[in-house]
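Participant: Counting from 1, one number per residue, gives the positions in the sequence shown under the numbering used here.
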Amino acid sequence: MTATLQDRIDQGRGVVPADLVLKGARVFDLITGDLVPTDVAICGDTIVGVFGDYQGRVEVDFTGRILVPGFIDTHLHIESSLVTPFEFDRCVSPHGVTTAICDPHEIANVCGLVGINYFLEASSRTLMDIRVQ
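1) For leucine 22, which residues does DSSP report across the bridge?
2) By Cβ distance below 8 angstroms, which residues in the same chain neighbour leucine 35 in space, the five residues on each side in sequence not counted?
3) Can you confirm whether the region 49 to 63 touches the region 10 to 23 when touching is taken to mean that 3 or more C-beta pairs between the two stretches lie within less than 8 angstroms?
4) Taking Cβ to Cβ, would you say glutamine 11 is nearer than 7 angstroms to alanine 41?
5) Should valine 48 be labelled buried (16 or more other beta-carbon atoms within 10 Å of its own) or exposed?
6) Count the other CB atoms, across all protein chains shown, that sit within 10 Å of the CB of proline 69; report buried if there are 16 or more and exposed otherwise.
7) Would you report the Cα separation of serine 80 and arginine 13, rounded to the nearest angstrom?
8) In angstroms with no decimal places, state the Cα-to-Cα distance between glutamate 87 and methionine 128.
9) Between the C-alpha atoms of proline 85 and phenylalanine 71, what's the straight-line distance to the nearest angstrom?
10) Considering just the uninterrupted stretch of the beta strand (DSSP E) at leucine 76, what are its terminal residues?
11) Tell whether a beta-carbon distance below 7 angstroms holds between threonine 126 and aspartate 103.
12) For arginine 8 and serine 124, what's the separation of their Cα atoms in angstroms?
13) Using the three-state DSSP reduction, which class does alanine 100 fall into: helix, strand or coil?
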């Protein structure tokens, strides 16, 4: 079943139990650098609530675990790592990198437009979000 916007709002407000709640996690606060104890409410595939006490249809004990937002690598050259965009995705995703902003000038210098087209096409099929600047 696909969650509606109203489902997400109701679960995020705690009006109805969330589909899934991660109980007792510590979430990294990017502003303060603190690890803040909290529950995380999830509706379908969307995080709908953090920093609250949520009830869920399914609850998973996350006591002692740390959650962080997806990291963004703001400037890199994937081709300098000597791997394809697919291999880069496989290697960095487990470490929390969800987005990479790339400058593929080296592949452009060596392969020209053919290389850039390959890079763009391959990047569009990775799990992570690869942006080209």
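We treat Cβ as the ideally placed atom computed from N, Cα and C, and that holds for glycine.
Facilitator: Concretely, from the data shown:
1) Paired residues: Val40, Val60.
2) In chain order, Arg26, Val27, Phe28, Asp29, Ile66 place their CB closer than 8 angstroms to the CB of leucine 35, counting only its own chain and leaving out the 5 sequence neighbours on each side.
3) Short answer: they touch.
4) Glutamine 11 is a Cβ neighbour of alanine 41, given a cutoff of 7 angstroms.
5) Under this definition valine 48 is a buried residue.
6) Exposure of proline 69 is indicated by the presence of fewer than 16 other C-beta atoms within 10 angstroms of its C-beta.
7) When rounded, the separation of the alpha-carbon atoms in serine 80 and arginine 13 is 46 angstroms.
8) So the alpha carbons of these two residues sit roughly 11 angstroms apart.
9) Near 17 angstroms, if we compare the C-alpha coordinates of phenylalanine 71 and proline 85.
10) That run of the beta strand (DSSP E) goes 71 to 76.
11) Going by C-beta atoms, threonine 126 is not nearer than 7 angstroms to aspartate 103.
12) Roughly 28 angstroms separates the two Cα atoms.
13) It is a strand residue.
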